[in-house]
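Residue numbers (my numbering): 392 to 552. Backbone N, C-alpha and C fix where the C-beta goes; we use that ideal spot for every residue, glycine too. This one's a predicted model, so the numbers in the text were calculated from it and none came from an experiment. Right, one structure below, let's go through it.
Here you go:
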């Protein structure tokens, strides 16, 4: 919620800084063009980017990555249901994270995580047993061979908090 409020305030301040009171007297099309033409100026784009970076802190961490599948012998009696109740399907890019990553490093359910060396982003929809620290488990659907081939690796993950 804090991120949405901060983003809204930044947008409002930016619009107030770069629009003039006289704009209200102009036709709507002209007002629209005036407001959005300001963002084509490189200085304004850099300001908005700077304010965005101040709001969202990019974090990275080296973790141990293993893989898991939707099989009862690797999870529990409901292998397609993640810890927060989300239903997993084989085509999803999902990770489970150790509880310390949730409690101490700012990851949350729904966080988007980039795993360096793998394409795309993964979504945090599952959590691991309390015994694990600095660890992620990459969801491989029902493909046991793919999970075994992955094994255990040290990877770097990145996310915004």
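Check residue i in the structure and name its three-state DSSP category.
i	result
residue 482	coil
residue 541	helix
residue 509	coil
residue 498	coil
Going by other Cβ atoms of all chains shown within 10 Å of its Cβ, with 16 needed for buried, is residue i buried or exposed?
i	result
residue 499	exposed
residue 544	exposed
residue 550	buried
residue 516	buried
residue 529	buried
residue 492	buried
residue 476	exposed
residue 547	exposed
residue 506	buried
Does the Cβ-Cβ distance between residue i and residue j come in under 8 Å?
i	j	result
residue 526	residue 466	no
residue 518	residue 461	no
residue 489	residue 523	yes
residue 472	residue 478	yes
residue 511	residue 552	no
residue 537	residue 513	no
State the start and end residues of the unbroken alpha helix (DSSP H) segment that holds residue i.
i	result
residue 490	490-494
Just curious, the beta strand (DSSP E) that residue i is in, first and last residue?
i	result
residue 453	449-459
residue 588	This structure cannot speak to residue 588, because the chain is shown only from 392 to 552.
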